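Chemist: Starting off with a structure, shown below.
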Amino acid sequence: MVAKRIMALGLSAWLACSAAAFAGGNGKLGHTGPKSQTKGGVEGSTSLRFQMKDQQEVVPDGELVGGIGGGFAGGPINDGCADSVPISNGATSFSTIGADEDGPVLPAECDEDFGVDLRADIWFDYDASCTGTLTVSTCGAATYDTRLALYSACTCPATNDDFHACNDDGPGCPDFTSILVAEVEQGTCYKLRVGGWGDPDFPDDPGAQGTGTLTVTCEPSGPGPCLGEILSVEPADGTEDARQPHVPGPGADEDPADRQGIGSADEPIIMTLDVAGEPDSCFFLCETAPDAVLGENGVASVTETGNGVYEIVLNHAIAPGSVTTISYGNQFVEFLSHPANTNHDGFSNANDILHTIDMLNGVVEPEFGEFSTDVDHSGLFGTSDVLRVIDLLNGAIPYAIWLGAARPVNDGDCPGEVQDPCGDGVCDEPIPPTSDCCIANGTPGCDDPECEAAVCACDAFCCDNQWDNLCATNGENDNGCGAGVLCEELCTVGGGDEDCLSCPADCECPDDSCTEAVDIFDGDTDFSTIGATTDGPELPIECDKNFGLVLGADIWFEYVATCSGVMTTSTCDQADYDTRLAIYELCECPVSNDLLVGCNDDGEGCADFSSFMEANVVEGTCYKLRVGGWAPEGGAGATGSGTLSISCVNPFPICDDAEGECTEANGTPGCNDPACCVVVCTIDPFCCNAMWDGSCADHAIEECD
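Its first residue numbered 619, the sequence shown is counted upward by one per residue in the working numbering.
Structure below.
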């Protein structure tokens, strides 16, 4: 999983490093000697008001709550054992702020002289990826006194009959953080409980709470099961299925579970091993993105047909736009599905029509046989496959979302090497950081090793993911990137020292206005609008979806478009409050509705009134992105936290290279104004897939400035 974290955006280290102060709980945070018996809390009695369309909720001080990644409304989503969420190998950010205690008191063997209470717990389900040694760690990566426990069954309530392992204070770990080590069996589901130490002398205290990063690894042991060698696999390792894994037959109402493609019952994955009799649990599936219709995938059955040959059938065919990994022991094979990309160049466009015709005429050989040719699943390769590619490029449902998108990559979510760490389909290794540590650069790390080490010790996101504005702010502390960066010197948003909830007396809180916008890049960025003021104008009438035009409690970003095409900005299912989004061309302040290029209140199909916004952008142009909350007329905006996902895709790459005039028929695909080209081809894909004719020119005259 891609690591997430609370990005303060001027929202302070009570999210990054001092969150335990909000829990009102017992804590040893900051102590270097024996565990403290002192209780702490938040002074004052202010309240934060969360306004939603159908309710208003006042949350008193001491009851701010957070979930995975630091959500703040409604408590952690995995607060209860029955609400545990899946977790896999890698780093996962979490928050226990506001969590209740749901599990039992630990057995006596867990007592490290500080009792057996594990309080304010949240829950995860872990399917062991190996038979060997599992390590679960918050060591040096949490803001509070953590405690961990592992149970050998994914049942609720968890009981000590299923108790498997525990840890309070890991050896050598600062601030009473933890390392849990246990032997596990591949394919077995384990219940992981993450919480905080609780003072046995204060049984009613909620216990230590805070935020951190949970790192999970599984090292295979031997000798043991699942250690044979993969001799061969069919389809071949790395096969990209360029066919459309559509429902058989001409009807659109067929059962989507019958979808055809690699891994379906009609096309099982055939794996040959040098051993026989391996259990089903030796075969494990991971996909980097779930199927847009069918959701998460998995191994449905493994059938040995003799001589170490196994037929692997998945719950459904491999997901379009995803890297699908089948692991066997500590080995793996990968498959991809990218509809209509018959020439395997990474994109679906008019070139695939020509390539399919060339394959049909015998001019070129298909790289993966039927996986590149029989696009319509008819069992034959013919002109119908060419027509099917054309259909796909004209928006065949439900996979139009992947057309024109870059070839999917394994970004580290699944076993195996990262195929494209730069995310641009070009470089093989991460680009070495060259930017000043005090400037956001969008890549992991910075150019001062001493500063980098100090900042990443506080905030691992800066080295594991990208050096963003919060990392740069951290880097500016302590005399300009010295070795002693103090996380607690960050401040909350609000504009005055009285709002700095855990800052030194001389701390100056950053502003949340348009002029203080911070840089943001493609990918995921965690954010919070708690405490933000409203700085932007009321939205224009076209943004009204029957809930008014107020965008309140806004924070600001500056985004330089990485493509000429469609920029997608989303909090869909990734925010704990009613979000609202807007984007303006040019990075000017104050923003003007004359420059508004996109807005969204409630994204279609998005839970809890979260948002999904698309806007046409031009590569290299700076855009001002405004993130806030819905508000009633004259009221304050809803506030909360979430993850902001940004991507930029040119669905018509021909627009980058075409030379013909947009306002004139030119007889070739595309035209020479990339932004206009994308707008017109979105209306009429024929203009990019075949040729720019008079109708395309008319669209350009009408739609483009």
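For every residue, glycine included, the Cβ atom is placed at its ideal position computed from N, Cα and C.
Quick caveat, the model's predicted, so the values are computed rather than measured.
Taking 8 Å as the cut-off, does the stretch 1229-1238 touch the stretch 1150-1160 (at least 3 CB pairs, one atom from each stretch)?
Modeler: No, the stretch 1150-1160 is not in contact with the stretch 1229-1238.
Chemist: Applying the criterion that 16 or more other CB atoms from any shown protein chain within 10 Å of the CB defines a buried residue, is Ser665 buried or exposed?
Modeler: Any answer about Ser665 is weak, because its pLDDT of 26 lies below 50 and its placement is not dependable; what the coordinates show is given next. When all chains shown are included, Ser665 counts as exposed.
Chemist: What does the alpha-carbon distance come out to for the pair Ala987 and Asp720?
Modeler: Per the sequence shown, residue 987 should be read as Gly rather than Ala. Their backbone Cα atoms lie some 54 Å apart in a straight line.
Chemist: Can you grab the Cα-Cα spacing for the pair Cys1032 / Glu803, in whole Å?
Modeler: For Cys1032 and Glu803, the distance between alpha carbons rounds to 18 Å.
Chemist: Measuring only the C-alpha atoms, how far is Phe902 from Leu1213?
Modeler: If I take the Cα positions, the gap works out to 50 Å.
Chemist: Are any of the Cβ atoms in chain C nearer than 8 Å to that of Asp1191?
Modeler: Protein chain content of the structure displayed is limited to a single chain, and chain C is not contained in it.
Chemist: Ala935 and Gly830: beta carbons closer than 8 Å?
Modeler: Not in contact: Ala935 and Gly830 (Cβ atoms no closer than 8 Å).
Chemist: In chain order, what residues of the same chain have a beta carbon less than 7 Å from the beta carbon of Leu724, not counting five sequence neighbours either side?
Modeler: Taken in chain order, the residues that qualify are Val734, Leu736, Ala767, Cys784.
Chemist: Helix or strand or just coil, what does DSSP make of Thr749?
Modeler: Here Thr749 sits in coil by DSSP.
Chemist: Kindly confirm or deny that the stretch 697-714 and the stretch 786-806 touch, where touching means at least three C-beta pairs closer than 8 Å.
Modeler: Contact between the stretch 697-714 and the stretch 786-806 is absent, because fewer than three Cβ pairs lie under 8 Å.
Chemist: Taking the alpha carbon of Leu954 as the reference point, which residue from Gly926, Tyr1195, Cys904, Ser1002 has its own alpha carbon closest?
Modeler: For Leu954, the nearest C-alpha among the options comes from Cys904.
Chemist: State whether the stretch 992-1002 contacts the stretch 926-945, with contact taken as three or more CB pairs (one from each stretch) at a distance under 8 Å.
Modeler: Too few Cβ pairs lie closer than 8 Å, so no.
Chemist: From Ala691 to Ser1146, what does the alpha carbon distance come to, in whole angstroms?
Modeler: No answer about Ala691 holds up, because its pLDDT of 40 lies below 50 and its placement is not dependable.
Chemist: Round the Cβ separation of Phe1230 and Cys1266 to the nearest angstrom and send it over; I've been treating them as touching at under 8 Å.
Modeler: Wrong, their Cβ atoms sit about 15 Å apart, outside the cutoff.
Chemist: So what's Ile1173 in DSSP terms, helix, strand or just coil?
Modeler: Reduced to three states, the DSSP call for Ile1173 is strand.
Chemist: What residue range does the beta strand (DSSP E) around Cys1161 cover?
Modeler: Where Cys1161 is concerned, there is no enclosing beta strand (DSSP E), given that its DSSP letter is neither H nor E.
Chemist: Looking only at its chain, what residues have a beta carbon closer than 6 Å to the beta carbon of Cys1299, apart from the 5 residues adjacent to it on each side?
Modeler: Hits under 6 Å: Phe1270, Cys1305, Cys1306.
Chemist: Starting from Thr1143, follow the beta strand (DSSP E) in both directions and report where the run begins and ends.
Modeler: From DSSP, the beta strand (DSSP E) with Thr1143 extends over 1141-1146.
Chemist: Closest to Asp976 by CA distance: which of Glu1068, Val1209, Asn961 is it?
Modeler: Minimum Cα distance to Asp976 is reached at Asn961.
Chemist: How close, in whole Å, do the beta carbons of Ala907 and Ser940 come, if the pair is a contact with beta carbons under 8 Å?
Modeler: Sure, about 4 Å apart at Cβ, within 8 Å.
Chemist: What do you get for Ile574, buried or exposed, if any count of 16 or more other CB atoms within 10 angstroms of its CB means buried?
Modeler: The structure shown has nothing for residue 574, since the chain only spans 619 to 1323.
Chemist: Tyr769 and His782 look like a contact to me (Cβ under 8 Å); what is the Cβ gap, rounded to whole Å?
Modeler: At roughly 6 Å, the Cβ-Cβ gap stays under 8 Å, so Tyr769 and His782 are in contact.
Chemist: If we ignore side chains and look at the alpha-carbon of each, how far apart do Pro821 and Tyr744 end up?
Modeler: Spanning the two alpha carbons is a distance of roughly 30 Å.
Chemist: Any heavy atom of the ligand GTP closer than 7 Å to the beta-carbon of Cys1069?
Modeler: As far as ligands go, the structure on display features none, and thus does not contain the ligand GTP.
Chemist: Where Ala860 and Ala1072 are concerned, what is the direct C-alpha to C-alpha distance, given to the nearest angstrom?
Modeler: If you take the alpha carbons of Ala860 and Ala1072, they lie about 46 Å apart.
Chemist: Distance, Cα to Cα, Ser713 vs Ile1138?
Modeler: Cα-Cα distance, rounded: 23 Å.
Chemist: Could you work out which residue in Ser706, Gly1034, Thr1186 is closest to Ala1200 when comparing CA atoms only?
Modeler: It is Thr1186 whose Cα lies nearest to the Cα of Ala1200.
Chemist: I'd like to check one pair, Pro957 with Leu1005: are the Cβ atoms closer than 8 Å?
Modeler: Cβ atoms of Leu1005 and Pro957: not closer than 8 Å.
Chemist: Give the list of continuous beta strand (DSSP E) stretches no shorter than 3 residues that lie fully inside the stretch 1211-1241.
Modeler: If we require 3 residues or more, the beta strand (DSSP E) runs fully inside the stretch 1211-1241 come out as 1214-1218, 1230-1235.
Chemist: What does the alpha-carbon distance come out to for the pair Ile1301 and Asn1211?
Modeler: So the alpha carbons of these two residues sit roughly 24 Å apart.
Chemist: Got a sec? Which residues, its chain only, sit under 7 Å from Met1309 by beta carbon, not counting five neighbours each side?
Modeler: Taken in chain order, the residues that qualify are Gly1285, Thr1286, Pro1287.
Chemist: Would you tell me roughly how many angstroms separate the C-alpha atoms of Cys1289 and Glu1277, rounded to the nearest one?
Modeler: Computed Cα separation, rounded: 6 Å.
Chemist: If you follow the beta strand (DSSP E) that Phe950 is part of, which residue opens it and which one closes it?
Modeler: Residues 949-955.
Chemist: Mapping the DSSP letters down to three states, classify Ala937 as helix, strand or coil.
Modeler: Coil.
Chemist: Can you name the residues that DSSP bridges to Trp1248?
Modeler: DSSP, once it has assigned bridges, lists Leu1169 as partnering Trp1248.
Chemist: If you run the structure through DSSP and keep just helix, strand and coil, what is Met1309?
Modeler: Residue state, collapsed to three classes: coil.
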